Amino acid sequence: MKQILQRVSNFAYPAAGWFGLIMMFGDPWSHAFFYIGLVGMLACLLASPTYYRLLITVCRENIALLAILLFAYIAVGLLYTHAPMDLAIHDVKKYRKLLLIPIFLMLYRDSKWAYRLVVAYGCGALVLMMPTMLDGTGLAKILSLDLTRFQNIGYSPETLVYWRNHIVHGFHASMLFVICILSAIRHRRLAWLFLAVAAICVLNILFFISGRIALITLLAVSLMMAISYISSLRLRVGLLVAIFAASMCAYHFSGKIHARIDSVTQEARVYMTDPGVKTSGGIRLNYWSASVGMFVEAPLFGKGPGAFRENLLRPNNPLRTETHKHAHNEYLTLLSQHGLAGLILFLLLVYQIHRQAGRHDPWLKGVVRFGLVIFLINAMTDSSLNNESEGWTFVLLACLASIRPADANIS
202 MKQILQRVSN FAYPAAGWFG LIMMFGDPWS HAFFYIGLVG MLACLLASPT
252 YYRLLITVCR ENIALLAILL FAYIAVGLLY THAPMDLAIH DVKKYRKLLL
302 IPIFLMLYRD SKWAYRLVVA YGCGALVLMM PTMLDGTGLA KILSLDLTRF
352 QNIGYSPETL VYWRNHIVHG FHASMLFVIC ILSAIRHRRL AWLFLAVAAI
402 CVLNILFFIS GRIALITLLA VSLMMAISYI SSLRLRVGLL VAIFAASMCA
452 YHFSGKIHAR IDSVTQEARV YMTDPGVKTS GGIRLNYWSA SVGMFVEAPL
502 FGKGPGAFRE NLLRPNNPLR TETHKHAHNE YLTLLSQHGL AGLILFLLLV
552 YQIHRQAGRH DPWLKGVVRF GLVIFLINAM TDSSLNNESE GWTFVLLACL
602 ASIRPADANI S
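Going by our numbering, the letters in the sequence shown line up with residues 202 to 612, in that order.
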């Protein structure tokens, strides 16, 4: 019997890793590919009983332990929340992905998987951008392609949004931009290809979507990479000046970019005048103000899971008809519902991922650390860990940081 279990495990366990790649490929754009990969991965792991002990060992590692503790703490909130249990359970389920971090750490121990995971995710991000690029460049009309069935129903037909909304789209495009720039530095012979894809990401973020946080993210990681990878002070200053000048020119000469940036202050002024007006910025200001109030009432442990949605439904809230269930800010979502304790656990997890990434070669370290920067900036205007697509990318970053650096050559 033991030999049979060993043979089954030896077949199923490697297959789980490949299903994980399918999952990461689908993460940016396809629920179908994502769940095929997720279910296949879990099924193969269940069929690998001889590896169960490895999972127990992995759970003792810092990143895995912190992920489990954060989820356990959030789940304990079910005992003290005043929100209806259905809302509370919905919130707790959104953080179940944290429990997949130990499983990913168990599966991907060898550094050769890092390259495969990044390639799978990067290809998924590229597929995510394809419909928008075809539409934005006019190729869809030239090729007589009907892309309407891929449009996000939450936006108007005139808006170039496909597969995902603007914020999630910009998040993955920014991630792909970083991956391509770092890969161009690493693989000189293919630098032209990686730089071409990076240029597509920039074009996509600047002109074909309306996500404002993506502009900030793109500028921030560009400046950080310029500082990190250029040793010459003269070249560093020159590139920083060039990035700043290009940003100013884009703002001055592009009406769309100008409107995107100015809309931030316009929507804030509208909210101050009439909180009931529904704009992207106004809704967020309403949610953030309510979240701060909830945090002040219960600063240490928060109001419990589901409390934000319950607070949104109060009769005097002008936005009570909105269907959102999180604060559109991960930090405020954690503070309002799980208090300082929840936010500290999250930040400790982020710090541990950043710290462990430092053990790796410059390419992998850059992917993880700049990826974290993108995630943390994005979390200011969206509850990124609570959400599915960005949250699973966080799981990927945790996994990449934990892969053993002994075999650093992953090319």
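Every residue, glycine too, gets a C-beta built ideally from N, C-alpha and C. Fair warning: this is a prediction, and the values are worked out from it, not measured in the lab.
What whole-angstrom Cβ distance do HIS373 and VAL362 have, given they're in contact under 8 Å?
The residue you call residue 373 lines up with position 172 of the sequence shown. The residue you call residue 362 lines up with position 161 of the sequence shown. No, HIS373 and VAL362 are not in contact; Cβ-Cβ is about 13 Å, not under 8 Å.
When burial is assigned at 16 or more other CB atoms within 10 Å of the CB, is PHE226 buried or exposed?
As a first step, residue 226 is located in the sequence shown; it is residue number 25 there, counting from the start. Classification of PHE226: buried, given that the 10 Å Cβ count is 16 or more.
Segments of 4+ residues assigned as alpha helix (DSSP H) that fall wholly inside the stretch 422-506
434-454, 456-474, 481-498
4 or more residues per run - each alpha helix (DSSP H) lying fully within the stretch 207-288
232-247, 253-259, 263-277
For PHE576, does the count of other Cβ atoms within 10 angstroms reach 16, so buried, or fall short, so exposed?
To locate residue 576, count along the sequence shown from 1; it is residue 375. So PHE576 counts as buried.
Please classify MET242: is it buried, with 16 or more other beta-carbons within 10 angstroms of its beta-carbon, or exposed?
Residue numbering aside, residue 242 sits at position 41 when the sequence shown is read from its first letter. Result: buried.
Locate the alpha helix (DSSP H) running through GLN538, then write down its first and last residues.
Here residue 538 is taken as the residue at index 337 of the sequence shown, counted from 1. Here the alpha helix (DSSP H) through GLN538 covers 531-558.
If contacts are defined as beta-carbon pairs under 8 Å, then CYS600 and TYR316 qualify, I think. What distance do you get, rounded to the angstrom?
The residue given as residue 600 occupies position 399 in the sequence shown. The residue given as residue 316 occupies position 115 in the sequence shown. CYS600 to TYR316, Cβ: 13 Å. No contact.
Quick one: give me the first and last residue of the alpha helix (DSSP H) that THR594 is part of.
Position 393 of the sequence shown, counting from 1, holds the residue named residue 594. Where THR594 is concerned, the enclosing alpha helix (DSSP H) stretches over 590-603.
With a threshold of 8 Å on Cβ separation, who are the neighbours of HIS459 within its own chain once the five nearest residues in sequence on each side are excluded?
For the purposes of this step, residue 459 is taken as residue 258 along the sequence shown, with counting starting at 1. Closer than 8 Å at the Cβ level, and outside the excluded window around HIS459, lie TYR452, HIS453.
What's the gap between the Cα of LEU222 and the Cα of LEU318?
The residue given as residue 222 occupies position 21 in the sequence shown. The residue given as residue 318 occupies position 117 in the sequence shown. Going from the Cα of LEU222 to the Cα of LEU318 covers about 6 Å.
Candidates LEU416, PHE409, VAL379: which alpha carbon is nearest ALA399's?
The count along the sequence shown starts at 1 and reaches residue 399 at position 198. For the residues LEU416, PHE409, VAL379, the minimum Cα distance to ALA399 belongs to VAL379.
From the DSSP output, read off the bridge partner residues of GLN352.
Taking the sequence shown and counting its residues from 1, one reaches residue 352 at position 151. In DSSP, GLN352 forms a bridge with TYR363.
Who are the near neighbours of ILE410 in its chain, counting only those whose CB is closer than 8 Å to its CB and skipping five residues on each side?
Reading the sequence shown from its first residue, position 209 is the one you call residue 410. Contacts found: THR333, LEU361, VAL362, HIS367, HIS370, GLY371, ALA374.
What whole-angstrom Cβ distance do THR251 and GLN207 have, given they're in contact under 8 Å?
On the sequence shown, position 50 is the one that residue 251 refers to. On the sequence shown, position 6 is the one that residue 207 refers to. Going by Cβ atoms, the distance from THR251 to GLN207 rounds to 5 Å, so yes, they are a contact pair.
Would you decide whether THR522 is buried or exposed? Buried here means 16 or more other CB atoms lie within 10 Å of its CB.
As a first step, residue 522 must be located in the sequence shown, where it is residue number 321. By the 10 Å Cβ count, THR522 comes out exposed.
Residues near LEU255 in its chain [Cβ-Cβ closer than 6 Å; skip 5 each side]
If you number the sequence shown from 1, residue 255 lands on position 54. The answer, listed in chain order, is MET307.
Straight-line CA distance for VAL465 to VAL403?
As a working mapping, residue 465 is identified with position 264 in the sequence shown. As a working mapping, residue 403 is identified with position 202 in the sequence shown. Going by the C-alpha atoms only, they are around 21 Å apart.
In whole angstroms, what separates the C-alpha of ASN610 from that of TYR322?
Your numbering for residue 610 matches position 409 in the sequence shown. Your numbering for residue 322 matches position 121 in the sequence shown. Its pLDDT being 44, under 50, ASN610 is placed unreliably by the model, and nothing is read from it.
In this structure, does DSSP put TYR336 in helix, strand or coil?
Residue 336 sits at position 135 when you count from the first residue of the sequence shown. Checking the displayed sequence, the identity of residue 336 turns out to be Asp instead of Tyr. It is helical.
Sequence-distant residues of its chain with Cβ nearer than 8 Å to LEU348 (five each side left out)
Position 147 of the sequence shown, counting from 1, holds the residue named residue 348. Taken in chain order, the residues that qualify are PRO332, LEU335, ASP336, ALA341, TYR363.
Rounded to whole angstroms, what is the Cα-Cα separation between GLY238 and VAL320?
Translated into the one-based positions of the sequence shown, residue 238 becomes position 37. Translated into the one-based positions of the sequence shown, residue 320 becomes position 119. The straight-line gap from Cα to Cα measures roughly 15 Å.
Quick one: Cα of LYS313 to Cα of ILE401, how far?
Residue mapping note: residue 313 aligns to position 112 of the sequence shown, counting from 1. Residue mapping note: residue 401 aligns to position 200 of the sequence shown, counting from 1. Whole-angstrom Cα-Cα distance: 27 Å.
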